Amino acid sequence: MSKYKDKESAVALSFSGSWVSWSHTILAYGAFLSALFVGLSLHYHKIVQNEFWGYPQEWFPSVSATIGDKYPERAVFQLIIALTSGPRFALVALWYVIGKKPTNNALPKFQVAVGILRTLACGGFTYVTSTDDHDFHDVVMITYLVGTIPWTACCIALSPPNPTSLKLRKYIASAFFGTIIPLVYFFIQHKVHHVAGAYTTYAFFEWSLILFDVGFDAVTALDFSNLQITISDNKGVNQGSAALDKEKSKATAGALDGRFSLMEVLDTIAEVYHGFVFWSMLTSLGLVIWYFPLWHMGISGYEALVMSTISPFFLGIKPIRSFVIGNLRLIHFLSLAGLAAWPIESPVLRLFTVGFGVFMSCLGWAATLYSESVHEARLEAKILAWIGGLILSSTAKFAWYTNNPIWPVMHDANNGYNRSGLAIAVVAAFIFTRRAPLNTGSPDPNLKGSAFLASLGVAGLFFGLHSLLSDTSTMILWVWEGYPVKGPLAGPHGWFTVAAMSAGLFIGIQRPQLAGSFSAYLVGCAGVAVLTLYPEWLGYSGALVTAFYLTAVATPLLTAGAKKSPAVVFGFGFLIYNFVVLFHVWVVAYAFVPGGPYVREHTDWVNTTMMVLLGAGVLNLFIAAPRRKTKGKKPASVLQHRKYHTWAIGFVNILFIMAAYMRFPTNDYKPYHPESKLITAGIWTIHFSLDNEMYSSEYRMRDLIKELELDVVGFLESDLQRIIMGNRDTTQFIAEDLGMYVDYGPGPNKHTWGSALLSKFPILNSTHHLLPSPVGELAPAIHATLDVYGELVDVFVFHSGQEEDPEDRRLQSEYLAKLMGESPRPSFLLSYLVTKPLQGNYNTYVSDKSGMHDVEPSDWDRWCEYILYKKLNRVGYARVSRHTITDTELQVAKFVVPTTDQEKAEVARLDADAGARNHRVAEHEVPEGWRFPAMFRGEGVRGHRYHVFNEPWYYRP
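So that you can map any letter, position 825 of the sequence shown is 825 in the UniProt record's numbering, and since no number is skipped, the others follow by simple counting.
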């Protein structure tokens, strides 16, 4: 009986709290279903139509098309959803009533804040559709979806002692989040691959999300029935039971257990960000070193700066070790010099500044782990931060199209955030070092294990993390095989790598003995083997196993290593790591380094070396702590920091998903002059996307390609997926920004300097070739078939071997001539041939065997870049200066695609008549749509101008 019974006469209205839940459920479902009913009745064919397909291929509308596009269904939905807001706010308030506890009011308050935010966000995307304001609609939609994660977790954690409602919440939440995976898959099938009917399937999953989302809150009817709206707690619903509390803790992985401390939250943020700073500097070191051998075309001497990482050797000197550990804040602050290097104009000085930052950072982190090694919670937190910083770095690189926004090769002009990154880093370093060091003495000589074996494990670990996991697209490009796409893509599937890294990190924390076992090691070896040997999805499955294993084994390896001599474990470990880094560069740079032929094309040896080193670390774990089960609860401090790091890594995953959503391609991939059936094609040796001032050049390249209106462009020297090149991919940014399909070409495990193809026209099929190269560097080629105005056109992108190997170049010319000659379709070649016009191998490329013609035989000033063609009407040719973007100009040709029998006959006649084919005309004699942009005449713009001939050349229409 209610203790308020004697006051019932004063109650004007009294009803069960379950009516709040029922009214919310009925109105929410009613809003969507009524709009669906009206839409199907009045505008069926219009709301099932999308940008690619309509009825009958698509036969069921999406949620957005139903509620946002047509009147009156849009008005019906908005009216009913407005009525839903009252019960919605009441539902959020009642959650606070049943969730608050005397011991902890922070979580219920947080839940209320999230609930209000989600309600407002729902109103935002309801009343401002994507047609009204696409950006605002997307932002509030993302806010709503992101808010669903903590809302779900809080509802489970604060569930009253009702086993039925708790079970229903877990089932519905699992169904909701599980639906997202096929939802994204079918959206990609629709948006990227234009699969008929895919959007209808996507629509069913989208409607399922609505049903699950509302259904999750409908479960409150079971809990609110214990509340009488007066409002009073008649049955003590805020009292729990130990069994159900344990079940709720398990459901939320303990992430919401325990007390809440703002300072510890700030500690976690600072630690992960400081780890991000470490990886940002380490991954930038190879990139700024690479600039020098790149421009010297050989060993420059600056490669010695790769040894900046071996600074922990100095910790073997006791006075230095004591000074470093006693002044960790100073050391970590000095390490930020690597972030402050971006405005230094001199590449040499910028390199040395970055080298100094990496030197101090490795010294500081090694000393920090050693000093924290006597305290389980603090050591584990630092390791989580170090590896979590790598996950954040990979996420930032994904958001910035494989560039890190705080690298020294970034600045304002190419979307760098150096100032902001440095400012946050200063604050993070201050918080990171706020606690006094614990261990300032010598290592305990009685500890079991070998410092030498531990150092080998650290070497293998850091090489694996750096070479494979510092960018989420690296291993995806390892398994890339061209079109049609049969494997993962960097954009939509990169999160799988981050998810595997995150899962591995927490398994390593929760089950370190399992992660450090020989059984897990064998699984890791299998993953690396599959990644090395197989392409496409099978190879990527090995990549995910590799990512999981490397982050899982990181905790036991670093924990064991931190307790030994830091000079040996980290000093010698980074030394071995450096040698493996060079090894993994030598396998492709064998033509330029001493002893290179012995490791030529042996990435398999590199991966084997990495796993052998990791195996040595695992052996040390076995020696230091034989396998045995340990019982007992972890200290509260350990559980507390794990909670915050779980949320931190979870938030980083959310950031990645948000970046993936924002990066999803929205371009229509239309060529610039479809009315003229024109192809504007270019070839550019981009010199690894570093300009003459040692800044990343993607934005400047994008601008020139856009202004020249290139429909198809071939990139050479474009494979940047190695440590020494920053594990980057220039093609992602340019292709997504300009709306182009992209074939990366032979992947980084194919040991070439790279060739890539970007096209406004759909790439129907592409194959990758490694041309004969018995002595010199491998020569990559792409052979792709494009759908050009309904006609099949072949394009070849090719990089010949270097000048020093004439036999290689002869064999390559014969191979490519045969390949081009076998194509019966209109074709053009975008290439780097290393030959003089009309001489030597030129006469193999341009021959009856290949059927190809030179874009301009009288252009005597070429040595490397050539454009060849056949069965196309070549109407224009130009050479455009690169200014300081790279060391090679951009050559461009314009072709008209013959589509009628008459046009094809005329092209065949021109193919047979060189005089007529190469007859030049004045610009005013060709249609305006065929002309090159006038902006590059004279002095041009930004240093880009027509040069050599000082103007474009045009040919008889």
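Every residue, glycine too, gets a C-beta built ideally from N, C-alpha and C.
Note that the structure is a prediction, hence the values are computed from the model and not measured.
For the set 427, 430, 403 and 555, the Cα lying nearest the Cα of residue 417 is the one of 403. Only buried fits residue 719, as 16 or more other CB atoms lie within 10 angstroms of its CB. Within the same chain, 557, 558, 561, 569, 570, 573, 574, 577 and 617 come within 8 Å of residue 458 by CB-CB distance, once the 5 residues on both sides are set aside. DSSP places residue 265 in the helix class (H, G or I) of the three-state scheme.
Apart from the 5 residues on each side of it in sequence, residue 932 sits with its Cβ closer than 8 Å to the Cβ of 708, 876, 878, 892, 894, 946 and 952 in its chain, given in chain order. Between residue 649 and residue 391 a beta carbon distance of about 6 Å is seen, short of the 8 Å cut, so the two are scored as contacting. The C-beta distance from residue 35 to residue 66 rounds to 5 Å, short enough to meet the 8 Å contact threshold. By the Cβ-count criterion, residue 193 is exposed, with fewer than 16 other Cβ atoms from all chains shown falling within 10 Å of its own Cβ. Rounded to whole angstroms, the separation of the alpha carbons of residue 119 and residue 138 is 15 Å. For residue 440, no alpha helix (DSSP H) run applies, since DSSP gives it neither H nor E. Its chain contains 315 as the residues whose beta carbon lies nearer than 6 Å to that of residue 321, once the 5 sequence neighbours on both sides are disregarded; these appear in chain order. Counting of Cβ neighbours within 10 angstroms places residue 822 among the exposed residues, the total staying below 16.
Distance between residue 728 and residue 172, taken at the CA atoms: about 40 Å.
Taking C-beta separations shorter than 6 Å and ignoring five residues to either side along the sequence, the partners of residue 856 in its chain run 877, following chain order. In this structure, residue 776 places its C-beta atom within 9 Å of the C-beta atom of residue 801. The beta carbon of residue 464 sits closer than 8 Å to those of 546, 550, 610 and 614, all from its chain and outside the five residues before and after it, given in chain order. Distances from the alpha-carbon of residue 830 to those of 288, 865, 506 and 898 put 865 closest. A straight-line Cα-Cα distance of about 12 Å links residue 123 and residue 80. Per DSSP, the continuous alpha helix (DSSP H) segment holding residue 451 begins and ends at 451-469.
In this structure, the CA atom of residue 845 is about 32 Å from the CA atom of residue 700.
In this structure, the alpha-carbon of residue 202 lies about 10 Å from that of residue 208.
A direct Cα-Cα distance of roughly 7 Å separates residue 76 from residue 31.
In this structure, DSSP gives residue 886 a state outside helix and strand, which the three-state scheme calls coil.
Judged by DSSP secondary structure, residue 811 falls within the alpha helix (DSSP H) whose first and last residues are 806-821. Contact between residue 479 and residue 539 holds, with the beta-carbon distance rounding to 4 Å and staying under 8 Å. For residue 146, same chain residues with a beta-carbon under 6 Å away, outside a window of 5 residues either side, are 654 in chain order. Distances from the alpha-carbon of residue 713 to those of 765, 379, 187 and 828 put 828 closest. Secondary structure note for residue 201: it is in no beta strand (DSSP E), and the uninterrupted alpha helix (DSSP H) holding it is 198-218. With respect to the 9 Å criterion, residue 490 and residue 189 are not classified as neighbours on the basis of their beta carbons. Here residue 669 carries a coil assignment [DSSP, helix/strand/coil].
Residue 218 and residue 50 have their C-alpha atoms spaced approximately 33 Å apart.
Residue 854 is bridged by DSSP to 868. For residue 602, the three-state secondary structure derived from DSSP is coil. Contact annotation: residue 507 and residue 552 have beta-carbon atoms nearer than 9 Å. Around the C-beta of residue 679, 16 or more other C-beta atoms lie within 10 Å, and the residue is accordingly described as buried. DSSP places residue 732 within a helical segment (H, G or I) once states are collapsed to three.
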